[in-house]
Amino acid sequence: MPPITTDVGRAVEVLRGGGLVAIPTETVYGLAADAADEAAVRRVFEVKRRPADHPLIVHLAAAEAVDAWAAEVPPSARALADACWPGPLTLLLPRAVHVLDVVTGGLPTVGLRVPAHPLAAELLRRFGGGLAAPSANRFGHVSPTTAEHVVADLGDAVDLVLDGGPCPVGVESTIVDCTADPPQVLRPGGIATEDVGRLLGHVAEPGGPRRAPGMLAAHYAPACRVLLVDTAEEAAALAAREGTRVIGVDVDAVTYAQHLYAWLRDADEAGAASVVAVLPPAVGLGHAVRDRLVKAAAGRAG
Ligand code: TXA
Ligand code: MG
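Take the sequence shown: its position 120, counting from 1, is numbered 106 in the working numbering, and each next residue is one higher.
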């Protein structure tokens, strides 16, 4: 088992030495490496068993650092950053020349985010540079929202786990492609799509024609089958079947997002054959919850 700690100084040392640290963020735990250390970033891909063409988000201590990592920051991106950072928003921007190909998958853009979790913020401040970090799960699996989830997925392959408790948002950041005109939401997440639309002055529909690499139809999947229904009544009818659990009855979207991944992991641990999930309305965080559930269901289709 990797060491689990709340000691930010120790995490900084491991990162400076080219090691991998699982870090808490307000969305999910990330598997962090120094974004300027090619060998360390390569190890992130190995540990996750993630294909090299799925780029990593670079996490920064403050919005001011964006100019050091992006070649150009359009006014729309500044407006989103001002309103949402620190917070669960990732901006895709033209990359600065020094950004490593291994981080961006060779793309001309880089994903940047300033996380709000206090331990992540302190770590980034003390580390000084950018941290490349995907979610700290095996590729295609459910993202981790506790230190224990990270250990269950990655074990000793990670050098240190910084324990910041359960992630308060529970689903990944909203990704907005600011190189598109108008900017477009590529992944619904912790900032509601409607809020992005309001800030941009136009409705930024999720799942437009452009897709980010890595946004496969089947993703975020537990081992058990995930069955989707629209109402609690349909869920109850299906749940009459043996081995079936129900999630999403009588929960608001914020609570649903917070617990979604833990509930899916719990179902696997209990050996459930399937989970019936009631889809939340497509409003606010409901967009992100629906997106992850649809992908989790696709993961076990057939
Ligand atoms: O909340 C989050 O965003 C978490 C925490 C740890 O910050 N991170 C996260 O990373 O969810 P990851 O790697 O699991 O998902 C990021 C997604 C991937 O689908 C990746 O392909 C896409 O963002 N992405 C990253 N950089 C990109 C780029 N330059 N262009 C297109 N897609 C990009
Ligand atoms: Mg992920």
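Virtual Cβ for every residue (Gly too), placed ideally from N, Cα, C.
Because the structure is a prediction, the values reported are computed rather than measured.
Once you ignore the five residues that flank T165 on each side, which residues in its own chain have a CB closer than 7 Å to its CB? By the criterion of a C-beta distance shorter than 7 Å, T165 is surrounded in its chain by L78, L79, P80 and T95, once the five residues flanking it on both sides are discounted.
In its own chain, which residues sit with a C-beta less than 7 Å from the C-beta of A292, not counting the 5 before and 5 after it? Since the first residue of the chain shown is -13 and the last is 288, residue 292 is not available in this structure.
Entirely within the segment 73 to 149 and at least 3 residues each: give me those beta strand (DSSP E) ranges in chain order. Unbroken beta strand (DSSP E) stretches of 3 residues or longer found wholly inside the segment 73 to 149: 75 to 80, 95 to 99 and 146 to 148, given in chain order.
Where does L214 fall in DSSP's three states? Residue state, collapsed to three classes: strand.
Which residues neighbour the ligand MG when neighbourhood means a C-beta less than 7 Å away from any of its non-hydrogen atoms? List them by chain order. Taken from the N-terminal end onward, the list reads P120, S121, N123, S129 and E158.
Separation of G91 from S295, as counted between CA atoms: No answer is possible for residue 295: the residues shown for the chain start at -13 and end at 288.
Span of the alpha helix (DSSP H) holding T165? Note, T165: premise wrong, no alpha helix (DSSP H); not H, not E.
Let me know the secondary structure DSSP gives D236 once reduced to three states. In the three-state DSSP reduction, D236 falls in the coil class, being neither helix nor strand.
Is T11 helix, strand or coil by DSSP? T11 sits in coil when the DSSP states are folded into three classes, being neither helix nor strand.
Find out if the Cβ-Cβ distance for the pair F125, R35 is shorter than 9 Å. Their beta carbons are under 9 Å apart, which means F125 touches R35 by this criterion.
beta-carbon Y247 near the ligand TXA non-hydrogen atom, thresh 8 Å: Result no, Cβ not under 8 Å from the ligand TXA.
The ligand TXA and G176: does the residue's C-beta get closer than 8 Å to at least one heavy atom of that ligand? Residue side-chain check: G176 places its Cβ nearer than 8 Å to a non-hydrogen atom of the ligand TXA.
Within the present structure, is the beta-carbon of E161 separated from the nearest heavy atom of the ligand TXA by less than 8 Å? Strictly speaking, residue 161 in this sequence is Ile, with Glu absent from that position. Yes, Cβ of I161 sits closer than 8 Å to a heavy atom of the ligand TXA.
On a Cα-Cα basis, can you pick out the residue from V27, G156, E219 and A222 that is closest to H245? For H245, the nearest C-alpha among the options comes from G156.
Confirm the yes/no value for this check: CB of R35, any heavy atom of the ligand TXA, distance under 8 Å. Because no heavy atom of the ligand TXA lies under 8 Å away, the Cβ of R35 does not count as near it: no.
Candidates P(-12), H188, A56 and R99: closest to L46 by CA position: If we check each option's Cα against that of L46, R99 comes out closest.
Judging by CA-CA distance, which residue of T132, A54 and A138 is the nearest neighbour of P154? The shortest C-alpha separation from P154 is found at T132.
Selection from P10, Q170, R231 and D252 that minimises the alpha carbon distance to V264: By alpha-carbon distance to V264, the top candidate from P10, Q170, R231 and D252 is R231.
Does R196 pass the burial test, meaning 16 or more other C-beta atoms within 10 Å, or should it be called exposed? Per-residue confidence for R196 stands at a pLDDT of 49, beneath the threshold of 50, marking its modelled position as unreliable; no derived number is given.
Would you say the beta carbon of H45 comes nearer than 8 Å to a heavy atom of the ligand TXA? Because some heavy atom of the ligand TXA lies under 8 Å away, the Cβ of H45 counts as near it: yes.
For the alpha helix (DSSP H) that V155 lies in, which residues bound it at each end? Run containing V155: none; DSSP gives neither H nor E here.
In terms of DSSP beta bridges, what is H45 paired with? Paired residue(s): R99 and L117.
If I measure Cβ to Cβ from G200 and keep anything under 6 Å in the same chain, skipping five residues before and after, which residues do I get? In this prediction, G200 has a pLDDT of 49, which is less than 50 and means its spatial position is unreliable; what the coordinates show is noted afterwards. These residues qualify, in order along the chain: H40.
Examine the ligand TXA and report whether any of its heavy atoms sits within less than 8 Å of the Cβ of P101. Taking non-hydrogen atoms of the ligand TXA into account, the C-beta of P101 is found less than 8 Å away from one of them.
When A22, Q170 and T(-9) are compared against R2, the one with the closest alpha-carbon: By alpha-carbon distance to R2, the top candidate from A22, Q170 and T(-9) is A22.
Alpha helix (DSSP H) segment containing G183, residue limits: Its alpha helix (DSSP H) spans residues T179 to L186.
At a cut of 8 Å, does the segment 8 to 18 reach the segment 82 to 89 through at least three beta carbon pairs? Result no; under three Cβ-Cβ pairs closer than 8 Å.
Chain-order list of residues whose beta-carbon lies under 6 Å from that of A19 (same chain, five-residue window excluded): When the five nearest sequence neighbours on each side are left out, the beta carbons in the same chain lying within less than 6 Å of the beta carbon of A19 are those of L6, A26, V27, V30 and A118, in order along the chain.
For T217, collect the residues of the same chain with a Cβ closer than 7 Å to its Cβ; drop the 5 residues on either side in sequence, then sort them by chain order. Excluding residues within five positions, the ones whose Cβ falls inside 7 Å are V264.
With a threshold of 8 Å (Cβ to nearest heavy atom), would V96 be considered close to the ligand TXA? V96 Cβ: within cutoff of the ligand TXA.
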